[in-house]
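Have a look at the structure below before the remarks.
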Amino acid sequence: MIQKSTFFSIASLIFAASIYAQETSKKTMEITPPKAEKIAKELKAHDDIRIDNYYWLNNPEDEKVINYLKEENEYYESMTAHTKKFKEDLFEEMKARIKEDDESVPYKLNGYYYITRYEIGKDYPIYTRKKGSLEATEEILFDVNEMAKDYSYYNLTGLNVSEDNKLVSFGVDTLSRRKYDIYIKNLETGEIYPERIPLTTGSATWGSDNKTLFYTRKDEKTLRADRIYRHTLGTDPIADELVFTENDDTFNTYVYKTKSKKFIVIGSYSTLTSEFRVLRADRPTGDFKIFQPRERGLEYSISHYGNNWYVLTNKDKALNFKLMKTSEDKTSKENWEDMIPHRDDVLLEDIDIFKDYLVVSERNNGLTKLRIKKWNGKEDYYLPFDNETYTAFTTQNPEFDTKILRYGYNSLNTPASVIDFNMETKEKTVLKETEVLGGKFDKDNYETERLWATAADGTKIPMSVIYRKGIKKDGKNPTLVYGYGSYGATIDPYFSSVRLSLLDRGFIFAIAHVRGGEYMGRQWYEDGKLLKKKNTFTDFIDASKYLVEQGYTSPEHLYASGGSAGGLLMGAVINMAPHLYNGVIASVPFVDVVTTMLDDSIPLTTGEYDEWGNPNEVEYYNYMKSYSPYDNVEAKAYPNMLVTTGLHDSQVQYWEPAKWVAKLRDLKTDNNTLLLQTNMDAGHGGASGRFEALKEVAMDYAFLLDLEGIKE
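Mature numbering (1 follows the signal peptide of the UniProt record, and there is no 0) puts the sequence shown at residues -21 to -1, 1 to 691.
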């Protein structure tokens, strides 16, 4: 028999538990997602009417819009409150692998060694130089930590030192809208001159007179880089001379000096076409001469050496590009002569010119190769690389008269290295391999593979994969697949110390090299854009299915991520194959394709027509509409999702992901998590500062690990 006191004790416990359950239930009920108001907006084009219920979010000046974004942020905080400590722990774990008091490998330019270094506990770099030798006294050019201390966002870019080593121009953005003010600093006195040049790309280049500065200005509204100006030191920038205007709104323009220092070059480019103008750097007040007039579909880039120009081009239907040569005074295309011919299986990506050597960056079967040719024809060989999941690229090589090639190397399981290679003796010196602190990392603990999935049309889709050794292909491994697939941008296999936080908790990580990039050559890009854009999405889905079929993972443990145009990929994939993934991270996603591409006032839009098509033409409008993530949200189940954006994003405006999430919330039929997190201080690139950015990665990883039930 239960004693009376025991009965009351049990009853009180039951009552207390009941009250607790009610309170917990009440709190859970209180965590309800924001519901965006529906205000129907008719959008008409080509006799087609779309109804956009969330068009009103396209107004960052509206307090109602800002409040909605803040409500979504509060909802995110509430829904992830249980992972708060885990996020902090992940951040500290990732930060602990990074050497805080780090510095770059010095490179020599015009008699000075330039070094970028970091100090313990500081987020931003310190730019320094030493005259003549590395034993010389350090001269601090910029301590960005001091410059950034009063800003929530700060980006210093475009450092360019005059030929006499006395002046440096630099750009500053404090809003993350990629609107840079250019300033000039006297390196002898430390004075920053009062002249401020606003609304630029941040980069500039000096004439050989050390007082003439060329720079690029942006359109205030569209942010298109459309004008080149000439500034004279000590004068008011308002009086700067406009030397070139790019009137075609599908083009952007920029200005630079050749490695030979002989010419100032103005470049104009669109997705499919390029054009250059040149001016002797020692005659900076002269007129620019056109190199080769633009022809739609003709792409070329130019490098100067001796008395000749070297032209990397797709002329004569050279889809994978070829290298041509012409004299200084005969620059039009009829004078160009083949030097390295076109090859169907080799993409010619870039060249580096030295006094005695030409270095050619090529890509064959997805792999980067560095080819070294002696100008006298006596040597022609490739640098050897020993695996299939690496990234190799030439890096800072500003010196002309040297036999040393500096290049970078890393792979999925090998930290980044900076290497000097003697092109004459073939000796290799590893100057630096990035340290992974903590004493736990061993590259031999990880397996890397290159896998090939088969797309629906029979095309083989490559993937670069890494995981800890010893996993079983039992379908239970959590797996994150990353993809981009636009603009011909190739995402090579690269090492990431932060990624270890996933790998060491059992995750497999894969990069899907989908069409739309150039991993397999230029045709790979051509087959993933315009009216073939859907190949990008189906490739990613087929690559994901392959990982499931081969036992690496299963839909219950499969995750996908992508940002910007890769966010478009995420949006299309979840509309087409939502049940294939347990969770998706879409960062600054481009998801409202049709509306954005129809609005030529939005930054970057008109220059994108050659990538996506011009929706003012009905064929492109209909095709775009058929895959645009926002336009194809349906009443069905979607995966768990984390969507991130920045209020000041100039590339993918915040309202695209905000509208998309609002529509998903309204229509989705599942109870899966859907979160929108808006960084109210940042833009497309996220937070500034090397450690602040890690907090965003920790946020993403905590989301994935939480879905897997991994708590620590």
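All residues carry an ideal CB built from backbone N, CA and C; glycine is no exception.
Limits of the unbroken alpha helix (DSSP H) element including residue i
i, result
"residue 632", "Careful: residue 632 lies outside any alpha helix (DSSP H) and carries neither H nor E."
"residue 605", "597 to 606"
"residue 678", "671 to 686"
"residue 588", "588 to 591"
"residue 614", "Neither: residue 614 is in no alpha helix (DSSP H) and is coded neither H nor E."
"residue 127", "123 to 127"
"residue 480", "479 to 482"
Boundaries of the beta strand (DSSP E) in which residue i is found, first to last residue
i, result
"residue 159", "159 to 165"
"residue 501", "Here residue 501 belongs to no beta strand (DSSP E); instead the alpha helix (DSSP H) covers 501 to 505."
"residue 396", "393 to 401"
"residue 416", "Where residue 416 is concerned, there is no enclosing beta strand (DSSP E), given that its DSSP letter is neither H nor E."
"residue 489", "487 to 491"
"residue 154", "No beta strand (DSSP E) contains residue 154, which DSSP labels as neither H nor E."
"residue 451", "First-last for residue 451: undefined, no H or E at that position."
"residue 431", "425 to 433"
"residue 284", "279 to 284"
"residue 139", "134 to 140"
"residue 709", "This structure gives no information on residue 709, because the portion of the chain shown stretches from -21 to 691."
Cβ-based burial, residue i [other Cβ within 10 Å; buried from 16]
i, result
"residue 263", "buried"
"residue 5", "For residue 5, the pLDDT reaches just 39, beneath the cut-off of 50, and the residue's location in the model is therefore unreliable, leaving the point undetermined."
"residue 779", "What the structure shows of the chain is the stretch from -21 to 691, and residue 779 is not part of that stretch, so it cannot be assessed."
"residue 165", "exposed"
"residue 112", "exposed"
"residue 518", "buried"
"residue 119", "exposed"
"residue 627", "buried"
"residue 278", "buried"
"residue 529", "exposed"
"residue 2", "With a pLDDT of 40 at residue 2, under the threshold of 50, the modelled position of that residue is not reliable, and the figure given next carries that caveat. It counts as exposed."
"residue 379", "exposed"
"residue 115", "exposed"
"residue 540", "buried"
"residue 275", "exposed"
"residue 48", "buried"
"residue 536", "buried"
"residue 66", "buried"
"residue 392", "buried"
"residue 97", "buried"
Option nearest residue i by Cα separation, candidates the options
i, options, result
"residue 353", "504, 318, 100", "318"
"residue 445", "491, 577, 411", "491"
"residue 590", "102, 603, 636, 675", "603"
"residue 475", "130, 673, 238, 435", "673"
"residue 413", "387, 326, 239, 369", "387"
"residue 436", "376, 276, 494", "494"
"residue 240", "275, 371, 285", "285"
"residue 154", "659, 682, 599", "659"
"residue 204", "540, 180, 569", "180"
"residue 218", "174, 237, 235", "174"
"residue 56", "136, 655, 83, 308", "655"
"residue 339", "137, 135, 211, 373", "373"
"residue 168", "146, 159, 161", "146"
"residue 415", "396, 451, 608", "396"
"residue 700", "573, 121, 631, 325", "Summary: the structure shown does not reach residue 700, with the chain confined to residues -21 through 691, and so no result is reported for it."
"residue 188", "59, 243, 332", "243"
Residue i CB to nearest heavy atom of the ligand GTP below 7 Å
i, result
"residue 660", "This structure simply doesn't include the ligand GTP, nor any ligand for that matter."
Any chain C beta carbon closer than 8 Å to residue i
i, result
"residue 312", "You won't find chain C in this structure, because it holds only one protein chain."
Which ranges does the alpha helix (DSSP H) cover as unbroken runs of at least 4 residues, wholly within the segment 47 to 120, from first to last along the chain? 63 to 75
Inter-stretch contact at 8 Å, needing at least 3 Cβ pairs: the segment 213 to 231 / the segment 584 to 604: yes
Would you call the segment 557 to 565 and the segment 616 to 623 in contact, with 3 or more CB pairs under 8 Å? yes
Where in the segment 190 to 252 do unbroken runs of the alpha helix (DSSP H), each at least 4 residues long, occur, reported from the N-terminal end onward? none
Check whether the segment 245 to 259 touches the segment 341 to 356, counting contact only when three or more Cβ pairs, one atom from each stretch, lie closer than 8 Å. no
Length at least 4, wholly inside the segment 507 to 582: the alpha helix (DSSP H) runs in chain order: 513 to 528, 544 to 555, 572 to 577
Give the list of continuous alpha helix (DSSP H) stretches no shorter than 4 residues that lie fully inside the segment 289 to 327. none
Check whether the segment 269 to 286 touches the segment 197 to 206, counting contact only when three or more Cβ pairs, one atom from each stretch, lie closer than 8 Å. no
Any 3 or more C-beta pairs closer than 8 Å across the segment 290 to 302 and the segment 488 to 507: yes
Contact the segment 97 to 107 vs the segment 632 to 639: 3+ CB pairs below 8 Å: no
Counting Cβ pairs closer than 8 Å, one from the segment 61 to 74 and one from the segment 358 to 369, do we hit at least three? no
Could you pull out every unbroken beta strand (DSSP E) segment of at least 3 residues lying fully inside the segment 13 to 42, listed in chain order? 20 to 24, 27 to 31
Okay, do the segment 452 to 459 and the segment 419 to 437 touch, 3+ Cβ pairs below 8 Å being the bar? no
Within 8 Å, do at least three Cβ pairs link the segment 547 to 557 to the segment 466 to 474? no
Enumerate, from N- to C-terminal direction, the unbroken beta strand (DSSP E) stretches of 3 or more residues contained entirely within the segment 327 to 408. 336 to 343, 346 to 353, 359 to 361, 369 to 373, 383 to 390, 393 to 401
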